[in-house]
Amino acid sequence: LCMEEEDLRRQEIAAVMPDTRLTEVLASGVPAFDQEERVQGRILVTNTVPIVVKNKIVGAVETLQDKTQIIRMAEELTGFKQLVDAFRASSHEFSNKRQALSGMLQMGDYANAKAFIVDTSARQDELQNNMLSTFREPMLAGLMLGKFSYAAEQRVTLSISPDSYLGPIDNPAVAHEMVTIIGNLVDNALDATRGQPGRDKKITVDIRGNNGTITLRVEDNGPGIAPGNLERIFQPGCSTKGEGRGTGPHLVNQEVTLLGGKIEATSAGGRTVFLAELPSHGVRADQ
């Protein structure tokens, strides 16, 4: 942490560390262990204990451990996992189409094989061009191409709003973080919609970068989130999909918060929406 000693003298502790437990522990005498505090954009794990002399609280001590680097490494790995999963879905889709083409050629159905190749190539070119023009950051374009393939396998219609646009990202770390955020939001929507029988399953993604702010909106028509779960959806371990499967929303909230943004979830009228807003952090507006 970049704090000069002379800058800290005679300051209230809350002015330097707004989330500190020192005053609370001084007042109550109850120690606080393994708490998270945010100081200058870093996440610190703190342990705070009172100093007791002759049954009287005379002070308190707080130890700090920087957790930011560990979290960022984990988030970068999660971002890479999103890309790997996306490319795996694209590879699986290509394998299915190759097998279909091989079967038509073996049967001597050359006319339909040719039409299949032309149609598949045209669709893929159109989708790829749309992704590259909408998302000028290659990692995000690749991620969304993979998500389209995976959604198609799950019989879910994934669409990008026509007004979506996000320029190139100068900071590679932010690009990885955006992959983590968008990938998890889309995966949550896919998990919610793909198991719904007897209805058109739809997901709409809207991503825009305007006036120094990035707005992300992911909407699905799945079963929705119960009000009780909606209030704690971003807490660790909270999930509507079973025990231990609630890491997605929590990770997204954590990443958005670290980038200086905010996120909220609403669920009503047969649609669930996750809406995040965060500073652009080096996203260029050029097209």
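Numbered according to our numbering, the sequence shown terminates at residue 299, and the numbering increases by one at each position without gaps.
Glycine included, each C-beta is placed from N, C-alpha and C at the ideal position.
{"Asked": "Length of the line joining the Cα atoms of Ile194 and Ile237", "Found": "19 Å"}
{"Asked": "Validate contact between the segment 167-181 and the segment 211-220 using beta carbons, cut 8 Å, 3 pairs", "Found": "yes"}
{"Asked": "First and last residue of the uninterrupted beta strand (DSSP E) at Leu228", "Found": "Thr225 to Asp232"}
{"Asked": "Classification of Ser292 by the beta-carbon crowding that lies within 10 angstroms, buried from 16 upward", "Found": "buried"}
{"Asked": "Continuous alpha helix (DSSP H) stretch holding Val186: start and end", "Found": "Pro184 to Thr205"}
{"Asked": "Whole-number beta carbon distance between Val51 and Met29, since they are thought to touch under 8 Å", "Found": "5 Å"}
{"Asked": "Cα-Cα separation, Lys126 to Asn108", "Found": "16 Å"}
{"Asked": "Same chain only: Cβ atoms within 7 Å of Phe45, ignoring 5 sequence neighbours per side", "Found": "Asn59"}
{"Asked": "Outcome for Lys274 when other beta-carbon atoms lying within 10 angstroms are tallied against a minimum of 16", "Found": "exposed"}
{"Asked": "From Pro184, Val217 and Leu117, residue whose alpha carbon lies closest to that of Phe160", "Found": "Val217"}
{"Asked": "Three-way DSSP call (helix, strand, coil) for Ile25 in this model", "Found": "helix"}
{"Asked": "Cβ-Cβ distance between Glu149 and Glu267 below 8 Å", "Found": "no"}
{"Asked": "Residue interval of the beta strand (DSSP E) (run including Gly221)", "Found": "Lys214 to Asn222"}
{"Asked": "Where Gly71 falls: helix, strand or coil (DSSP)", "Found": "strand"}
{"Asked": "Gly258 in three-state terms, based on DSSP", "Found": "Residue confidence for Gly258 is low, a pLDDT of 42 falling below 50, so the modelled location carries little weight; the figure read from the coordinates is stated next. The answer is coil: DSSP assigns Gly258 none of H, G, I, E or B."}
{"Asked": "The beta strand (DSSP E) enclosing Lys274, as first and last residue numbers", "Found": "Lys274 to Ala280"}
{"Asked": "Where Thr146 falls, given that 16 or more other Cβ within 10 Å makes a residue buried", "Found": "buried"}
{"Asked": "Element boundaries [beta strand (DSSP E), containing Phe147]", "Found": "Careful: Phe147 lies outside any beta strand (DSSP E) and carries neither H nor E."}
{"Asked": "Span of the beta strand (DSSP E) around Val285", "Found": "Arg283 to Pro291"}
{"Asked": "Supposed contact pair Thr284 and Gly240 - C-beta distance, whole angstroms, cut 8 Å", "Found": "Going by Cβ atoms, the distance from Gly240 to Thr284 rounds to 15 Å, so no, they are not a contact pair."}
{"Asked": "Straight-line gap, Tyr177 to Glu48 (C-alpha atoms, nearest Å)", "Found": "35 Å"}
{"Asked": "Cβ distance (whole Å) where Leu113 is taken to contact Ile129 below 8 Å", "Found": "7 Å"}
{"Asked": "Gln77 - partner residues in DSSP beta bridges", "Found": "Val57"}
{"Asked": "Buried versus exposed, by CB contacts within 10 Å (16 or more), Ile25", "Found": "exposed"}
{"Asked": "Which of helix, strand or coil DSSP assigns to Gln208", "Found": "coil"}
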